[in-house]
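As C-alpha cells, the structure follows; a few thoughts come after it.
Numbering (our numbering), first residue to last: 1 to 519.
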C-alpha cells in the first residue's frame, strides 16, 4: 500500500476516534439539557460546553467565572469569583490513547510505510481538535497553538510508541538497520557488550512493563479495599446529594471517568508520598489531614493514616520488586550474563518505570475549584522517585538472591561451615594424620574384639570336640588365622576414593566344619 493511501486511511480512523470521544461526552450532556433544563439553555452554549469537556479530557485546562448568584447556588460564598479546572477525566483520555495505540500497532506491521499511518492519523486528529477549540471559545484557558498541540500529543505519543514496539517485536528490516547502526557507533566508542545490547534492552523493557503492571495492580487492590472500607461514608455522601435517576446516572459516569485518576492516587498513597485535596491537606499512610472538600462520594474512600504502621505500605512495593527480580533473574538473558549486566538491566527498567509514572501522575494532578482547591493530587516527581527507589531496592534484592554465590560470598567474609574447616591447604596433612589415627584405632579395636571372640569360640569348640571326638584336629583355628580381618582391610582403605565398604564375607563358608563319620 502506498504511503499516501496509508496516511489517508489513518486520518479517517483518527477522525473517527475523536468523534467517538465527543459522542461519549455529548450524550449525557444532551440528556441533561433536555430532561433537567428543559431546553432552557442555548444550543450554542451546550455545544461549547461539550467541546470544553472533551478538551479537558485531553489536558486542556478550562476557566470559569461565576456571578454571586451562581456561587450561592453552588453552596459557595455569594461573591463573584473565577477559577481554573485542570484535573482531567482520565477515563476519556484513556479511550483516545488506547484507540491510538491500536492504530499504531496495526500500522507497525507494515514496516517503514507505517510511519505514514502514524503521521496521517495525527494530522486527522489535529483537524478535529482545531474545530473543537474554535467551538469551545472562551471556555478554555489556553489560546493559540498550545490548545491544539497538547491534545494532538495525546493521540500521537501512544500511536508512535505502539508502532515502535511492533517494529521491534517483528524485527523489521529498517529496525534492524537502525540497531546495527547504533551498535557500530557504540563499537567505535569502545563500549563493551554491544552484540548483546538488543537482547538486554528488550529484557529491560519487559522487566519495566512487568514492574509497572505489578505497581498498578497493587494500586488497584488498595483502591478496592478503600472503597469497601469507606462504603458507609460513600453511601452517606451520595444520599445527601438527593439526586434524581438522571443525576445518579451522571454521577456514576463522572466517577467512571475519574477511575484512572483514583487509581493513580491510590498508587501514590502506597508509595508513601500520598496526595492532597486542597492546599494544606495531606493524605498518606502516615497521616491524614483534610480541610473542606467537595461533596463528591468518591472522597469518602480516602483512608485514615496508619501512623508508624504506615511503613507497611511502601514495604509492599519493595516485596513486589523482590518477587519480580527473583522471577526475571531466571530468564536466559539475565541468567547467562554477569551480575553487573543483571544490575544494569534492573536499574534501567526502574528508571523507565519512574519516568513513565511521573508523566501519569502529572496527568492526575490539577485544580478542581477555587482558592485552596487549586492544588489537588500527588506530587509527580516525589511519587515517581519513591516508587522507583522502592521497586529498585526490591528488584535488586531479588536479582542478587538468584545471582550471588552464597558459598563464595561466605568465604569472602570469612564465614565457613563445618565442611570448610578442613578445606585449607595447610590443614591437609593434619586431616590425613587424624584420619589414619582414627583408622588405626578402629582397626585395633576390631582386632582385639575378634581375638577375644575367637578365644571364647575356641574354648567352646574344644569342649564340644572333647565331648564328641577326643584328639580330632580343629581346622577352625587355622582358618581364622589365615583369613584376613575385614575391619583391618577397611581401615587401610580409609583414604581411597571408594569409601563404600564391601559386603562382609563369611569366612566360615570356605572352611566348613568336618563331618563326623557315623557308624
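A virtual CB, placed ideally from N, CA and C, is assigned to each residue, including glycine.
Cβ pair residue i, residue j closer than 7 Å
i	j	result
residue 92	residue 257	yes
residue 103	residue 13	yes
residue 268	residue 275	yes
residue 217	residue 386	no
residue 112	residue 174	yes
residue 340	residue 90	no
residue 133	residue 152	no
residue 301	residue 227	yes
residue 3	residue 131	no
residue 15	residue 128	yes
residue 349	residue 186	no
residue 361	residue 378	yes
residue 52	residue 139	yes
residue 179	residue 198	yes
residue 305	residue 372	no
residue 83	residue 370	yes
residue 403	residue 342	yes
Nearest-angstrom Cβ-Cβ length linking residue i and residue j, presumed shorter than 8 Å
i	j	result
residue 284	residue 310	7 Å
residue 219	residue 270	6 Å
residue 200	residue 333	6 Å
residue 211	residue 324	6 Å
residue 375	residue 321	About 31 Å separates the two Cβ atoms, so there is no contact after all.
residue 162	residue 101	4 Å
residue 150	residue 59	5 Å
Cα-Cα separation between residue i and residue j, rounded to whole angstroms
i	j	result
residue 520	residue 344	What is shown of the chain runs 1 to 519, which leaves residue 520 out entirely.
residue 330	residue 246	54 Å
residue 214	residue 282	25 Å
residue 251	residue 363	22 Å
residue 318	residue 225	20 Å
residue 164	residue 107	10 Å
residue 64	residue 141	9 Å
residue 37	residue 229	37 Å
residue 118	residue 316	39 Å
residue 99	residue 17	7 Å
residue 169	residue 388	26 Å
residue 384	residue 34	44 Å
residue 94	residue 154	9 Å
residue 255	residue 298	7 Å
residue 20	residue 289	40 Å
residue 67	residue 79	7 Å
residue 527	residue 109	In the structure as shown, the chain begins at 1 and stops at 519. Residue 527 is therefore absent and cannot be evaluated.
residue 28	residue 222	30 Å
residue 420	residue 401	For residue 420, the predicted model reports a pLDDT of 39, less than 50, meaning its position is unreliable; a value from the coordinates is still stated below. The straight-line gap from Cα to Cα measures roughly 22 Å.
residue 233	residue 11	47 Å
residue 236	residue 293	15 Å
residue 554	residue 124	With the chain represented from 1 up to 519, any question about residue 554 goes unanswered, as that position is not in the structure.
residue 314	residue 195	38 Å
residue 46	residue 56	15 Å
residue 391	residue 191	28 Å
residue 380	residue 39	42 Å
residue 135	residue 48	6 Å
residue 44	residue 280	39 Å
residue 172	residue 203	18 Å
residue 81	residue 244	29 Å
residue 182	residue 166	19 Å
residue 327	residue 249	44 Å
residue 5	residue 96	23 Å
residue 527	residue 88	No answer is possible for residue 527: it lies beyond the span of the chain, which begins at 1 and ends at 519.
residue 366	residue 176	42 Å
residue 24	residue 69	31 Å
residue 61	residue 239	30 Å
residue 77	residue 295	16 Å
residue 335	residue 160	32 Å
residue 286	residue 71	36 Å
residue 264	residue 356	12 Å
residue 156	residue 242	42 Å
Pick out the complete alpha helix (DSSP H) segments inside the region 110–189, 4 residues or longer, and give them in chain order. The qualifying runs are 114–136, 146–170 and 173–188.
Scan the region 192–241 and note each continuous alpha helix (DSSP H) run of 4 residues or more that stays entirely inside, going in chain order. Here the runs fully enclosed are 197–229 and 231–241.
If we require 4 or more residues per run, which alpha helix (DSSP H) segments fall completely within the region 327–409? Restricting attention to alpha helix (DSSP H) runs no shorter than 4 residues, the region 327–409 encloses them at 332–336, 339–363 and 380–403, ordered along the chain.
Write down every uninterrupted run of the alpha helix (DSSP H) in the region 6–88 whose length is 4 residues or greater and which is fully enclosed by it, in chain order. Here the runs fully enclosed are 43–57 and 68–73.
Which ranges does the beta strand (DSSP E) cover as unbroken runs of at least 3 residues, wholly within the region 266–337, from first to last along the chain? With a minimum length of 3 residues, no continuous beta strand (DSSP E) run stays inside the region 266–337.
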